[in-house]
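Below is one structure, written out as structure tokens, with a few remarks after it.
In my numbering, the protein residues as written are 644 to 814.
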């Protein structure tokens with residue numbers, strides 16, 4: 644593992660697309676996440692400015708986080724997925740930095756709600772809580788503790804309902 648404390652985060656550019664694909668390929672066991680990002684990029688759920696990268700001081704892309712449109716019932720929300728970091732930089736803060744940057748970018752776009760299906764001990768550090776406690780569920784069976792949600796504005800409590808993901812997720 645390589646350590647680093649000054650991650651630079653920014654929205655992706657067109658020039659980043661091949662490297663983002665490669666980061667997702669090396670971060671996961673299959674090409675599913677890399678292919679998902681490519682499919683989402685061509686989908687109506689894509690929101691410019693919500694695909695973010697973390698880089699080192701030399702500009703080398705290390706991590707990627709993506710937020711796309713989903714719905715909780717009929718209410719617009721965002722889905723955080725996938726989040727990928729080059730294996731040699733995992734546990735270095737590159738993932739946390741890009742997730743925080745993505746959530747801040749969403750907040751600045753007046754988005755209120757974010758869902759994530761992920762590791763129940765990792766995502767709570769960003770404010771995610773168990774979705775079921777808010778009446779939020781899925782149409783598929785997943786471990787209850789893995790489905791999480793957060794509000795980016797406490798004046799807008801999380802709605803209840805079934806999460807509807809963008810078509811490329813296949814859910």
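Built from N, CA and C at the ideal position, the CB exists for glycine as well.
As the structure is a prediction and not an experimental result, all values here were calculated from the model.
Nearest-angstrom Cβ-Cβ length linking residue i and residue j, presumed shorter than 8 Å
i	j	result
residue 811	residue 723	No, residue 811 and residue 723 are not in contact; Cβ-Cβ is about 15 Å, not under 8 Å.
residue 716	residue 802	6 Å
residue 711	residue 688	4 Å
For residue i, the three-state DSSP class (helix, strand or coil)
i	result
residue 755	coil
residue 780	strand
residue 721	strand
residue 760	strand
residue 645	Unreliable placement is indicated for residue 645, whose pLDDT of 48 sits below 50; no coordinate value is reported for it.
residue 676	helix
residue 765	coil
residue 734	coil
residue 741	helix
Cross-strand partners of residue i (DSSP beta bridge)
i	result
residue 707	696 and 727
residue 806	715
residue 772	792
Boundaries of the beta strand (DSSP E) in which residue i is found, first to last residue
i	result
residue 652	651-654
8 Å Cβ cutoff, residue i in contact with chain D
i	result
residue 786	No chain D appears in this structure, which consists of one protein chain only.
Boundaries (first-last residue) of the alpha helix (DSSP H) holding residue i
i	result
residue 670	660-670
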